[in-house]
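**Q**
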Amino acid sequence: MFNFLHMCGLAAEATLSTTASWDLYETIQALFQAPSYHLVFEAALILWIVGLLFTKSYSSKVNKLTLTDKEKADLVEEWQPEPLVPNVPEDDPELINIRTRIVDSKLGKYVTLNGQKCLNMASLNFLAMVGKEVIEEEAVKSLKKYGVGACGPRGFYGTVDVHLEEEEKLAQFMGTEEAIVYSYGFATIASAIPAYSKRGDIIFCDEGVCFAIQKGIQASRSKVKMFRHNDTADLERLLTLHAEEERKDVKKARVTRKFLIVEGLYVNYGDICPLPKLMELKWKYKLRLFMDESISFGTLGKTGRGVTEHFNVPIDDVDFISASLENALGSFGGFGCGKSYVIDHQRLSGLGYCFSASTPPMLSQAAIVALDLLKNTPDMVDRLHANSAYLHEKLSRVPGLRVVGDTVSPVLHLQLAESDRKRASAMATLRCIVQMAEEEGVALVVASYLEKDERHLPPPSIRLAVNCDLDEKEMDRVVEVIDHACLASSNS
Amino acid sequence: MNVGVAHSEPNPNTSYFNSRGIWLTYVIVVVILHYVCLSLPFLTVGMAWTLTSLLHNLIMFVILHLEKGTPFETSDQGRSRFLTAWEQIDSGTQFSASRKFLTVVPIVLFFLASFYTKYDPYHFVVNTVSLLSVLLPKLPMFHGVRIFGINKY
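For the protein sequence lines, the chains are A and B, in the order given.
First residue of the first sequence: 151, per my numbering; consecutive thereafter.
First residue of the second sequence: 3, per my numbering; consecutive thereafter.
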């Protein structure tokens, strides 16, 4: 064997006469003089490779649940199919509402409800933008120019110059570097939260936040810590607890993003978040502050720029502000604004932005015109503040009712004064009041929630929305009607 | 992972080693790496092989066993933020074809390096250490294990 290789080597040398082949010969010779530990190690590796070839693959999930046949049979036995459409009883008040309270007019200051003209105190049409002729004309012009819409997402043939103009104007109005427009108000904050907050991150969130925020924090898959509504002491307690945890595991803390998510003006409570105190906590505990201004945009602050203007806090200190264009501006969609560095991230990560068709240009145009109106006639906001304060003051004198919310808030919640009532019974009384008010020509609405899905169900209430165009006579009429209805319902 | 069309994986890191032609591509890249080492002046053939094996194992260690998470935004809200690329392959399935391939490559390089360095003890030590550094983390018992919490987050 050895001689054979030797011969081979010589033959190779003879034919090629290169040094490479001579090297090869010498190397092969070295194989036979290799130290034994080396050969043992190589043999072990070869055995390992052979073993690998015959190893079957398996999933590495450690806690894999294995069920016996009996357990499986039991589970199959236990399973009850759920109906595709839930069994709602025919006399469910929400169902009756949908079937019997029908509007056949614009949702302006007055609506035609079941054929009767009513003063609209239910729509969140704070600045009376719905049905404004200037806006409608501009929207129709835009419709004639662009058609209904591209039916494509913004990043995929859906962007029209109107969208860019809308974003620019919103950013300019809010005084931020950039704004991003979504086609649906609900999706704005619900997409923005999971774009930044991921698994392993931590969210501190107010208990009273609206449903859109709740869906956003759920979609983020982050750890959520809820603090009591507008209770900064409770928030600070959670933060100090978390700071202790962080001290125990500094490495983990270094890669964990912390978010503080609040609403500017809570739609379910009508009160304003304590922003100055929240800012203090934000700097102290290094939180990223997200604020949803769906209600407060266009209604709070001297010129309607929202909670930051109301408290005189620099807007750049809030990391991200989102707002719906569906309330004060009476259009459709929503927007987020902040630093370009923050906003730009959503153009590829905000799911509602990436995967949803862009807003029809006419609705964007309507929002632009409404925004210009708001900018040029700041007295609308003043009137709204005056009306809110007036209604708040008058309604708080109505016996049997309690007005919840800040006086400056255009959303008022009327709860029953006796707070020990069962939810169903309180709801029935409130519905009765709403029904009686409707007969008197005032359209009201009971705040309705998806009761099973809410994290913290707000108490039953009538949600009143103030409109800047209401005059004192109309407001007095509203108070009078509610007063009567309340009295009548308590007597019955 | 599909070639030429959009993939449909929430995390492409789990499947790119099953793409068509990737094993061949891998081998070609290693061969090119070896030729680059061979072309360096003053290096013997044995040194070039040890260098190839060292560089390969170093790159493999960094890419597969040190780097965590994904280089792209995934739609699963960062499920694999704290998993190394090796742990993500085939969603954690042990002894899958890709894993076997990736285990065999450094061993073959070790054989070649040993052969061309004429079983020199110094080269043996260097090559063995680098081989073990990429073989041990591949063992199923070290899946998700962070010794002393190193590289945990």
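Ideal Cβ positions, reconstructed from N, Cα and C, are used throughout, including at glycine.
Between which two residues does the beta strand (DSSP E) holding A:D442 run?
**A** Position 292 of the first sequence, counted from the first residue, corresponds to residue 442 of chain A. Counting along the chain, the beta strand (DSSP E) containing A:D442 begins and ends at R438 to D442.
**Q** Going along chain B in order, which residues have a C-beta closer than 8 Å to the C-beta of A:S370?
**A** What you label residue 370 of chain A is simply residue 220 of the first sequence in a count that begins at 1. Going along chain B in sequence order, the residues near A:S370 (Cβ under 8 Å) are Q79.
**Q** Based on the DSSP secondary-structure assignment, which residues constitute the bridge partners of B:Q96?
**A** Along the second sequence, read from residue 1 onward, the residue named residue 96 of chain B stands at position 94. As a beta-bridge residue in DSSP terms, B:Q96 pairs with A:Y208.
**Q** Nearest-angstrom Cα distance between A:A278 and A:L534?
**A** By 1-based counting over the first sequence, the position of residue 278 of chain A is 128. By 1-based counting over the first sequence, the position of residue 534 of chain A is 384. Looking at the two C-alpha atoms, the distance is approximately 10 Å.
**Q** Straight-line CA distance for A:E459 to A:K452?
**A** Looking up residue 459 of chain A in the first sequence gives position 309. Looking up residue 452 of chain A in the first sequence gives position 302. Rounded to whole angstroms, A:E459 to A:K452 spans 7 Å at the Cα level.
**Q** Looking only at C-alpha atoms, which of A:V554, A:V468 and A:V417 sits nearest to A:S446?
**A** Within the first sequence, residue 446 of chain A is the residue found at index 296, counting from 1. Answer by Cα proximity: A:V417.
**Q** Mind checking whether A:V284 and A:P511 have CB atoms under 9 Å apart?
**A** Residue 284 of chain A sits at position 134 when you count from the first residue of the first sequence. Residue 511 of chain A sits at position 361 when you count from the first residue of the first sequence. Cβ distance not < 9 Å, so A:V284 and A:P511 don't count as in contact.
**Q** For A:P426, which three-state DSSP category applies?
**A** Your numbering for residue 426 of chain A matches position 276 in the first sequence. Looking at A:P426 - three-state DSSP - the assignment turns out to be helix.
**Q** What does a CB cutoff of less than 6 Å around B:L114 pick up in its chain, not counting 5 residues either side in sequence?
**A** Taking the second sequence and counting its residues from 1, one reaches residue 114 of chain B at position 112. Closer than 6 Å at the Cβ level, and outside the excluded window around B:L114, lie W51.
**Q** Check whether the Cβ atoms of A:L428 and A:V412 sit closer than 9 Å, and answer yes or no.
**A** Working through the first sequence from its first residue, we reach residue 428 of chain A at position 278. Working through the first sequence from its first residue, we reach residue 412 of chain A at position 262. Cβ atoms of A:L428 and A:V412: closer than 9 Å.
**Q** If we ignore side chains and look at the alpha-carbon of each, how far apart do A:T250 and A:K375 end up?
**A** For the purposes of this step, residue 250 of chain A is identified with residue 100 of the first sequence, where counting begins at 1. For the purposes of this step, residue 375 of chain A is identified with residue 225 of the first sequence, where counting begins at 1. Between A:T250 and A:K375, the C-alpha separation is close to 41 Å.
**Q** Are there 16 or more other CB atoms within 10 angstroms of the CB of A:N153, so buried, or fewer, so exposed?
**A** Taking the first residue of the first sequence as position 1, residue 153 of chain A is located at position 3. Model confidence at A:N153 stands at a pLDDT of 46, short of 50, so the residue's coordinates are unreliable and nothing is read from them.
**Q** With distances taken Cα to Cα, identify the nearest neighbour of B:W77 among A:A194, A:L501 and A:L614.
**A** Counting from one through the second sequence, the residue named residue 77 of chain B turns up at place 75. As written in the sequence, residue 77 of chain B is Ser, which differs from the Trp given in the question. Selected option, being the one with the closest Cα: A:L501.
**Q** How would you call A:C423, buried or exposed, if buried means at least 16 neighbouring beta carbons within 10 angstroms?
**A** Within the first sequence, numbered from 1, the residue matching residue 423 of chain A stands at position 273. Under this definition A:C423 is a buried residue.
**Q** Quick one: using the 10 Å Cβ neighbour count with 16 as the cut-off for buried, is A:S167 buried or exposed?
**A** Indexing the first sequence from 1 puts residue 167 of chain A at position 17. Per-residue confidence for A:S167 stands at a pLDDT of 44, beneath the threshold of 50, marking its modelled position as unreliable; the derived number appears in the next sentence. Flag for A:S167 reads exposed.
**Q** State the DSSP-derived secondary structure class of A:E328, mapped to helix, strand or coil.
**A** Numbered from its first residue, the first sequence carries residue 328 of chain A at position 178. Correct three-state label for A:E328: strand.
**Q** Counting only beta-carbon separations shorter than 9 Å, does A:A180 have a partner in chain B?
**A** Sequence index remark: in the first sequence, residue 180 of chain A carries index 30 (1-based). Interface residue, yes.
**Q** Kindly indicate which residue of A:L410, A:M441, A:T449 and A:C487 has the alpha-carbon position closest to the one of A:K434.
**A** Mapped onto the first sequence, residue 434 of chain A falls at position 284. When each option's Cα is compared against that of A:K434, the closest is A:L410.
**Q** Are the CB atoms of B:V106 and B:V32 within a distance shorter than 9 Å?
**A** What you label residue 32 of chain B is simply residue 30 of the second sequence in a count that begins at 1. What you label residue 106 of chain B is simply residue 104 of the second sequence in a count that begins at 1. No, they are not a contact pair.
**Q** Which bits of chain B does A:L498 rub up against, with CB to CB less than 8 Å?
**A** Along the first sequence, one-based indexing puts residue 498 of chain A at 348. A:L498 reaches chain B at E75, counting residues in chain order whose Cβ is nearer than 8 Å.
**Q** Would you mind giving the Cβ-Cβ distance between A:G488 and A:A473, rounded to the nearest angstrom? I have them listed as a contact below 8 Å.
**A** Here residue 488 of chain A refers to the residue found at position 338 when the first sequence is read from its first residue. Here residue 473 of chain A refers to the residue found at position 323 when the first sequence is read from its first residue. Rounded to the nearest angstrom, the Cβ distance from A:G488 to A:A473 is 12 Å, too far for a contact under 8 Å.
**Q** Report yes if the CB atom of B:L85 is closer than 9 Å to the CB atom of B:K140, and no otherwise.
**A** Translated into the one-based positions of the second sequence, residue 85 of chain B becomes position 83. Translated into the one-based positions of the second sequence, residue 140 of chain B becomes position 138. Contact flag unset, no.
**Q** Which whole runs of the beta strand (DSSP E) in the stretch 598-628 of chain A are 3 residues long or more, in chain order?
**A** Secondary structure within the stretch 598-628 of chain A: the beta strand (DSSP E) runs of 3 or more consecutive residues, fully enclosed, are 612-615 (chain order).
**Q** Note down the Cα distance separating A:K319 from A:P464, rounded to an integer number of angstroms.
**A** One-based indexing of the first sequence puts residue 319 of chain A at position 169. One-based indexing of the first sequence puts residue 464 of chain A at position 314. Annotation: A:K319 to A:P464 spans about 19 Å, alpha carbon to alpha carbon.
**Q** Closest Cβ-Cβ distance between B:A99 and chain A: below 9 Å?
**A** As a first step, residue 99 of chain B is located in the second sequence; it is residue number 97 there, counting from the start. The Cβ of B:A99 sits closer than 9 Å to at least one Cβ of chain A.
**Q** Using a Cβ cut-off of 8 Å, pull out every chain A residue sitting near B:Y118, in sequence order please.
**A** Position 116 of the second sequence holds residue 118 of chain B. The answer, in chain order, is T177.
**Q** What did DSSP end up calling A:I339 once you bin it into helix, strand or coil?
**A** For this step, residue 339 of chain A is matched to residue 189 along the first sequence. Reduced to three states, the DSSP call for A:I339 is helix.
**Q** Quick one: what does DSSP say A:T168 is sitting in, helix, strand or coil?
**A** Taking the first residue of the first sequence as 1, we reach residue 168 of chain A at position 18. Any reading at A:T168 must be qualified, since the residue scores a pLDDT of 46, below 50, and its modelled position is unreliable; no value is offered.
**Q** For B:T52, decide whether its Cβ has a neighbour in chain A, counting only Cβ atoms nearer than 9 Å.
**A** Working through the second sequence from its first residue, we reach residue 52 of chain B at position 50. Chain A contact via Cβ: absent.
**Q** Out of curiosity, what's the CA-to-CA distance linking A:R304 and A:C504?
**A** Counting from one through the first sequence, the residue named residue 304 of chain A turns up at place 154. Counting from one through the first sequence, the residue named residue 504 of chain A turns up at place 354. So the two alpha carbons sit approximately 7 Å from each other.
**Q** Figure out for me which residue from B:G151, B:S135 and B:S17 has the closest Cα to the Cα of B:T2.
**A** The structure shown has nothing for residue 2 of chain B, since chain B only spans 3 to 155.
**Q** From A:A161 to A:E192, what does the alpha carbon distance come to, in whole angstroms?
**A** Taking the first residue of the first sequence as 1, we reach residue 161 of chain A at position 11. Taking the first residue of the first sequence as 1, we reach residue 192 of chain A at position 42. In this prediction, A:A161 has a pLDDT of 44, which is less than 50 and means its spatial position is unreliable; what the coordinates show is noted afterwards. About 30 Å.
**Q** Taking 8 Å as the cut-off, does the stretch 230-238 of chain A touch the stretch 556-573 of chain A (at least 3 CB pairs, one atom from each stretch)?
**A** no
**Q** Just the Cα atoms here: how many angstroms apart are A:M586 and A:A635?
**A** Here the question's residue 586 of chain A lines up with position 436 in the first sequence. Here the question's residue 635 of chain A lines up with position 485 in the first sequence. One C-alpha to the other measures close to 6 Å.
**Q** List the residues that DSSP assigns as beta-bridge partners of A:T262.
**A** One-based indexing of the first sequence puts residue 262 of chain A at position 112. Paired residue(s): A:K267.
**Q** Taking beta-carbon pairs under 9 Å, can you tell me which members of the stretch 83-115 of chain B lie near chain A?
**A** R83, F84, E89, D92, S93, G94, T95, Q96, F97, S98, A99, R101, K102, T105, V106, I109, V110, F112 and F113
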